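S.K.:
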Amino acid sequence: MTENFQDHQIRDAIKINYKYTMGGQSKFFIEVMKNKKLFGTKCTKCGKTWMPPRINCSDCYEPADWVELNQTGIIQVSTIVWYTTSAFIKAIPYGIGFIKLDGAETALFQGIFSENLVPSKIKKGKRVKAVFNKEREGKMTDFFFVPEDEYENWISKPEYEGGV
Ligand SMILES: [Zn+2]
1479 MTENFQDHQI
1489 RDAIKINYKY
1499 TMGGQSKFFI
1509 EVMKNKKLFG
1519 TKCTKCGKTW
1529 MPPRINCSDC
1539 YEPADWVELN
1549 QTGIIQVSTI
1559 VWYTTSAFIK
1569 AIPYGIGFIK
1579 LDGAETALFQ
1589 GIFSENLVPS
1599 KIKKGKRVKA
1609 VFNKEREGKM
1619 TDFFFVPEDE
1629 YENWISKPEY
1639 EGGV
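Each residue of the sequence shown is one higher than the one before, counting from 1479 in this note's numbering.
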C-alpha cells in the first residue's frame, strides 16, 4: 500500500428475509399472541414454577409441564431506560425490570410502562399487571406490565387490552 492509497467506499444495504423458531418454548408465544395468557412451566419432579418457562427444570433437569400463571406480580428490581435501540426509541423513557408473577418462583425480564414514569412508580415491591397490544405477533413486545393502579387506564386505550 502506497502513501497515495485512497480507499473508495460505497454505502449500500443488505435486505435479509429470515425466520427463526422458539422451539420448545413456542407455546408461551402462541398463548400470548392468540389467547393473551401467560404460561410458565412447572417441574414434574421438584415442582418449581418457571417464568420465563423452562422446558426442562434448570435445577434438576427433569421435564416441566406447562401451567397458566397469573398476570399480576411484583417488581423485584427495575430501572428506567433512556438509551435504547431503534426498535424502542419512541418509547423512551420506559421502565424495565424483573417481575415475579404470582405463583411463579422465578422472574421475567420485561418492560414496565407508566403514565407518570418516576422511579417510585416502578420500584422494588410494587405490584404490576400485564397489558397486551391489540395487534400481537407472538413476540415479547406483545405485552408489558403497568402499575396495578394504572391498569384500567391502560386497557381503555384503543391500542391495548387486558388479558384473559
Ligand atoms: Zn426441578
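The C-beta atom is built at its ideal place from N, Cα and C for all residues, glycine as well.
Because the structure is a prediction, the values reported are computed rather than measured.
1) Is residue 1490 helix, strand or coil by DSSP?
2) Quick one: grab the DSSP three-state call for residue 1608.
3) For residue 1644, which residues from the same chain have a beta carbon less than 6 Å from its beta carbon, with the 5 sequence-adjacent residues on both sides left out?
4) My parser needs the alpha helix (DSSP H) runs of 4 or more residues fully inside the region 1491–1519; what are they?
5) Any heavy atom of ligand 1 closer than 7 Å to the beta-carbon of residue 1543?
6) Helix, strand or coil, according to DSSP, for residue 1556 in the structure here?
7) Quick one, what's near ligand 1 if you take every residue whose CB is closer than 6 Å to any heavy atom, in chain order?
M.R.: Quick answer:
1) coil
2) strand
3) Residue numbering for the chain in the displayed model covers 1479 to 1642; residue 1644 lies beyond these limits and cannot be assessed.
4) 1504–1513
5) no
6) strand
7) 1521, 1523, 1524, 1526, 1535, 1537, 1538, 1540
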